[in-house]
Every structure is written in C-alpha cells, then in structure tokens.
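Quick notes on the structure that follows.
Here it is in structure tokens:
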C-alpha cells in the first residue's frame, strides 16, 4: 500500500507583521504631534497678525480724531458714524471730509466693533472721565498678543471689569504689570476681552 505524501505548509510569519504595525503606529503618533504643533504655531501667528491689525486700526482712528480737532472741531462731538446722529454732532467717517474710514476688525481676532465713550481711568489724568476708543469681543490669545506688543509681556489677563482698570493686572512671566495708568491695553470684561486706547486725557 502506498502512503500519501503530506505537503508541508509554510507557517504564517507574524513577527514581521507586528513590526510593520508598530512602525505605522509610531509614524501616526509623530504625524499627530507634528500637526498639533503646527496648529498651535498657526494660532499664535494668527493672533499676532490680528493684534497688529487691531493696533493699526486704533492708530488710524485716533489720527482721524486728531485731524478733526486740528480743524477746530470739539472732540466730544465726534461719532464713529458716516453721518451725524443729531445736530451738533460730527461724523468721523464722513466721506466728504475724509478724515477717517470705518474699520472692520479682523473676524478671527474680534467679534465686536469699535466704539468711543468716556471712562475715568485710574492713574490716567485727573478724576474726570477720559475719552476712550475701544474694541470689544477680542479673543484671549489676541488680547494676550496685544499686551505682549504694548507691555513687552507674554500676557494672560486676570478677571477684572472694564472701566475699572485699577484692578486689572497682566500676568507677565516673572511678575505682574498693573494696568492702572496705562494709556492703552487689553483687559478682561467679564468673559469678554476689550482693547482700549485713550483718545483724550482729562
């Protein structure tokens, strides 16, 4: 009787497969970490760009106020409008006079709008309210970058109330910078962040 020959089948080599799987996992983790780093860097650069644009817009608006005043206009009558709201008022963005143009804040840096109002800022001038140009709705990172440029501090803000700058402190690395007496800066207002700059000191 003839015996049937058994064919030997090669065993499945699992070792190399595990090595490949491990390499794929390592590469995937490195790629994810790289993307996170890139996203963080992109956010920081975007915040810096937005902060620069906001500061530039503020300077442009303040220049418009100064030009109006140099022509004899009472600064307290100037509004951030294209047409006066009432008699005795002056529109900063009057297209005929051309002292200034309306500024649209960067949407990634602020969801608010520019406004002008009077606030008695501690440490600035007398106790009489100062005329202040401000922009609300700023995100915290952009606010931090504004203070970084103004106070040379990589700053995050403590909770405080806009209009009461005596309590506003800016964390700045080795210490804190008290915002009292500051002519401009970015401060917390509840859950909001507001950039302000003094147009006229009283």
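In the numbering used here, the protein residues as written are 216 to 417. The C-beta atom is built at its ideal place from N, Cα and C for all residues, glycine as well.
- Boundaries of the beta strand (DSSP E) around residue 334: 329 to 334.
- Looking at the backbone, the Cα of residue 280 and that of residue 332 are separated by about 13 Å.
- Pairing residue 265 with residue 352 gives a Cβ-Cβ distance that is not under 8 Å.
- A direct Cα-to-Cα measurement between residue 319 and residue 273 gives close to 11 Å.
- With fewer than 16 other Cβ atoms inside 10 Å of its own Cβ, residue 286 counts as exposed.
- Beta-bridge partners assigned by DSSP to residue 410: 350 and 401.
- Per DSSP, the beta-bridge partners of residue 325 are 353.
- Remark: C-beta atoms of residue 327 and residue 350 approach each other more closely than 8 Å.
- Scanning 413, 416 and 357 for the CA closest to the CA of residue 322 turns up 357.
- Restricting attention to 340, 309 and 304, the CA atom closest to the CA of residue 397 is found in 340.
- In the structure shown, residue 305 adopts extended strand secondary structure according to DSSP, grouped into three states.
- Between residue 288 and residue 305, the C-beta spacing is below 8 Å.
- Bridge pairing for residue 294: 306 [DSSP].
- The beta-bridge partner set that DSSP reports for residue 286 is empty.
- Residue 295 and residue 329 do touch by the CB rule: their CB atoms are close to 6 Å apart, below 8 Å.
- Separation of residue 413 and residue 360 (C-alpha to C-alpha, rounded to the nearest whole angstrom) is 19 Å.
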